[in-house]
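Each remark here refers to the structure printed beneath this line.
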Amino acid sequence: MTQKSQLAKLGLFDAKVPRYTSYPTAPHFHNDVGPDLYGNWIRQIEPGSQVSLYVHVPFCRRLCWFCACRTQGTQTDSPVRAYLQILKAELDLLKQHLPTGVTLSRLHWGGGTPTLLAPDMMEELAGAIFDVAPMAKGGEFSVEIDPNEIDEARLDVLAATGMNRASIGVQDFDDEIQKTIGRIQGFDITRDAVEMIRARGIQSLNADILFGLPHQSQTRMTESVQKLLSLNPDRVALYGYAHVPWMARRQTMIPSEALPTPEARLDLFETARKLFLWDGYAEIGIDHFATKSDGLAIAQKTGKLRRNFQGYTDDQADVLLAVGASSIARFPQGYAQNAPATSAHTKSIREGRFSTSRGHVFSDDDKLRARLIEALMCDFRIDSHEIQESFGISESDLKAMYTRTMQAFPGMLKLTENGLFIPPEARPLTRMIARSFDAYDLSKAGHSSAI
Numbered sequence: 000m001t002q003k004s005q006l007a008k009l010g011l012f013d014a015k016v017p018r019y020t021s022y023p024t025a026p027h028f029h030n031d032v033g034p035d036l037y038g039n040w041i042r043q044i045e046p047g048s049q050v051s052l053y054v055h056v057p058f059c060r061r062l063c064w065f066c067a068c069r070t071q072g073t074q075t076d077s078p079v080r081a082y083l084q085i086l087k088a089e090l091d092l093l094k095q096h097l098p099t100g101v102t103l104s105r106l107h108w109g110g111g112t113p114t115l116l117a118p119d120m121m122e123e124l125a126g127a128i129f130d131v132a133p134m135a136k137g138g139e140f141s142v143e144i145d146p147n148e149i150d151e152a153r154l155d156v157l158a159a160t161g162m163n164r165a166s167i168g169v170q171d172f173d174d175e176i177q178k179t180i181g182r183i184q185g186f187d188i189t190r191d192a193v194e195m196i197r198a199r200g201i202q203s204l205n206a207d208i209l210f211g212l213p214h215q216s217q218t219r220m221t222e223s224v225q226k227l228l229s230l231n232p233d234r235v236a237l238y239g240y241a242h243v244p245w246m247a248r249r250q251t252m253i254p255s256e257a258l259p260t261p262e263a264r265l266d267l268f269e270t271a272r273k274l275f276l277w278d279g280y281a282e283i284g285i286d287h288f289a290t291k292s293d294g295l296a297i298a299q300k301t302g303k304l305r306r307n308f309q310g311y312t313d314d315q316a317d318v319l320l321a322v323g324a325s326s327i328a329r330f331p332q333g334y335a336q337n338a339p340a341t342s343a344h345t346k347s348i349r350e351g352r353f354s355t356s357r358g359h360v361f362s363d364d365d366k367l368r369a370r371l372i373e374a375l376m377c378d379f380r381i382d383s384h385e386i387q388e389s390f391g392i393s394e395s396d397l398k399a400m401y402t403r404t405m406q407a408f409p410g411m412l413k414l415t416e417n418g419l420f421i422p423p424e425a426r427p428l429t430r431m432i433a434r435s436f437d438a439y440d441l442s443k444a445g446h447s448s449a450i
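Its first residue numbered 0, the sequence shown is counted upward by one per residue in numbering that gives the first Met the number 0.
Now the structure itself:
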C-alpha cells in the first residue's frame, strides 16, 4: 500500500479538523468570560514579568476574496482615525489594570492591513503602546505589511519606532490565481517592498504562501516558491487555503470547481516543502520553514517551540494581551476575546470598559490536553515524563490515551518508553492525530480540510 493510499484509508482527504492554534478552539468559547474577569486576569499578571501584545487593525483598502479574517473595507482614513482613538483608549484602560514593571517580549500588529495607517497614526499608536509597556531587551516588534499598501514614509516610522521583524503575505505570484482570489500583488511590487524593508536595517522577514488555491498546479507552485526564495525570507508559513464560504461570504466569489482536490493539495504541499528543504530551510512543525539561525529553528532544537494564534512562535511569555475588535488574549487562566464587531467594541471602550464578549476558563483537563496537542503540533512527539511531572496524570491513564490514538491510526504511530511519536511518513495526519486528544464536540464547528 502506498503512503497516499494509507493516508486516504485513514480519512486524511475527507477530514475537517481544527488548526489547533488554541485549545479549546474558538468555536467553543462562550460568554462566561466578560470584562470583569478579563480585568482580574490582567491584574494577576506578575509585576515585572514579560508579556506579548497583539494589536488588531481590521481595515483594508480592498477585501481579498480568499481571506476569512475579520476585516472591513475603507477607501478613506476617517474610520481608521476614529478606530485609532478607540485603540488608544483601550490601551489606557489596559494600563490602569496592568501591574508595574511589565515589558513586552513580543509586539505584533495584525489585521486587516495595519500598514494602511498613515505615518502620523503609526507614530501615535506606537507611542500609546509604549506608554503602557516598553519593549523588553531582545524583544520582537513585528508588523504585517501589505506590499500594495506601504511606502518609504511609513517604513521610516516603523523602523524608527522599533519594528525589527516584517511579515508579508504572498499567497501566490501567478497572475491567473491572483485574479481568481481577488489579490493582485505582482512579484515586482513584493520585491520592492522587501528591498525597502531591508534598506532600513530590518533583516528579519516572514512570508506567507498558500497551497490549495484555485487553478494551482505543481508547476505554478514551483514557480511561486522559487520567486519567494529569491527574496530570502527568514521564515515562511506554508498554509493550506481554507475554503469556508459558509463562514467567509466573500469566498463565494471563488469558483469551487477550480479548487484542487485534497489529493492534489497534498502534492502541492509536498512540492513546496521539498523546494524549501532543498534551499536549506529547517522544517518547523506542520507548515513552517525557517533559516537555521532564525528563532523558530533554534526554539525547535531546544524544545521551546510553541503554538499560538499566529501559528508557530518562539515566544515564551505566559500571557498574550490583545487590543482591537475581535482580538483574543491568552492567560494561564484562559482565553478572552473582544467583541468581533468594530461597532460593539467601540461602544464598550467609549463606556470605559473592556469589550470582552466571550472566552474560556481552563479546566485542569483543558491544560493537559492543550499541552498534549501542542507537543504533537510542535515536536511530533509527547514526552511522557514531562506530561506526568507537569500535570500529575498517572502512567496508566496517559498510556490509555495513547492506546486510543494508536487504535485510531493503526501502524502509523510509534510508542516508546519515552512517549508517543509521529514518524515522518505519518505527519500529514498530525492535525487528525491531535484531534484524537480533543475532548470537545467538533461536529458543531466548521473546520478546514485536514490537508
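Here a beta-carbon is modelled for each residue, glycine too, at the ideal position from N, C-alpha and C.
Asked                                                                                                                  : Found
In DSSP terms, what residue 420 is bridged to                                                                          : 380, 413
DSSP bridge partner residues for residue 143 (one or two, in chain order)                                              : 166
Beta bridge counterpart(s) of residue 307 as assigned by DSSP                                                          : 310
Residues bridged to residue 66 (per DSSP)                                                                              : Residue 66 pairs with nothing; no bridge assigned.
Contact set for residue 215: own chain, Cβ-Cβ below 7 Å, skip 5 residues either direction                              : 171, 176, 259, 267
Test item: CB-CB of residue 264 and residue 450 under 8 Å                                                              : yes
Proximity of residue 65 and residue 240 at Cβ, strictly below 8 Å                                                      : yes
Candidates 213, 221, 80: closest to residue 257 by CA position                                                         : 213
Straight-line Cα distance separating residue 243 from residue 67                                                       : 8 Å
The region 120-138 / the region 95-103 touching (three or more Cβ pairs under 8 Å)                                     : yes
For residue 5, the three-state DSSP class (helix, strand or coil)                                                      : helix
Spatial neighbours of residue 338 in its chain, beta-carbon cut-off 7 Å, leaving aside the 5 residues before and after : 324, 344, 347, 354, 356
Residue 37 - containing alpha helix (DSSP H), residue span                                                             : 34-42
Cutoff 8 Å; reference residue 349; Cβ partners in own chain excluding five residues on either side                     : 85, 88
CA nearest to the CA of residue 189, picked from 231, 152, 210                                                         : 231
Of the residues 154, 285, 432, the one placed nearest residue 451, counting alpha carbons only                         : Residue 451 cannot be examined here, being either before or after the span of the chain that is shown, 0 to 450.
Other residues of its chain near residue 196: CB distance less than 6 Å, five sequence neighbours each side excluded   : 165
Distance CB(residue 298)-CB(residue 288) smaller than 8 Å                                                              : no
Through-space distance from residue 427 to residue 386, alpha-carbon basis                                             : 24 Å
Spatial distance of residue 153 from residue 392 (CA atoms)                                                            : 52 Å
Minimum length 3: unbroken beta strand (DSSP E) runs contained in the region 222-303                                   : 234-239, 281-283, 287-289
Backbone secondary structure at residue 479 - three-state DSSP                                                         : Residue 479 is absent from the model: the chain starts at 0 and stops at 450.
Buried or exposed (CB count within 10 angstroms, at least 16 for buried), residue 250                                  : buried
Span separating the alpha-carbon of residue 112 from that of residue 388                                               : 43 Å
Minimum C-alpha distance to residue 120 - residue among 81, 110, 361                                                   : 81
Residue 421 versus residue 390: straight-line alpha-carbon distance, rounded                                           : 22 Å
Cβ-based neighbour list, residue 138, same chain, cut-off 6 Å, excluding 5 preceding and 5 following                   : 103, 104
For residue 208, the three-state DSSP class (helix, strand or coil)                                                    : strand
Residue burial classification, residue 234 (beta-carbon count within 10 angstroms, cutoff 16)                          : buried
Check whether residue 20 and residue 306 have beta carbons under 8 Å apart                                             : yes
Residue nearest to residue 229 in terms of C-alpha spacing, selected from 245, 204, 48, 396                            : 204
Boundaries of the alpha helix (DSSP H) in which residue 183 is found, first to last residue                            : Per DSSP, residue 183 belongs to no alpha helix (DSSP H) and is neither H nor E.
Contact under 8 Å by Cβ, residue 70 with residue 59                                                                    : yes
Inter-residue Cα distance where the pair is residue 291 and residue 276                                                : 11 Å
For residue 202, the nearest candidate out of 141, 225, 313 (CA to CA)                                                 : 141
Beta-bridge pairing of residue 49 - partner residues as DSSP gives them                                                : 102
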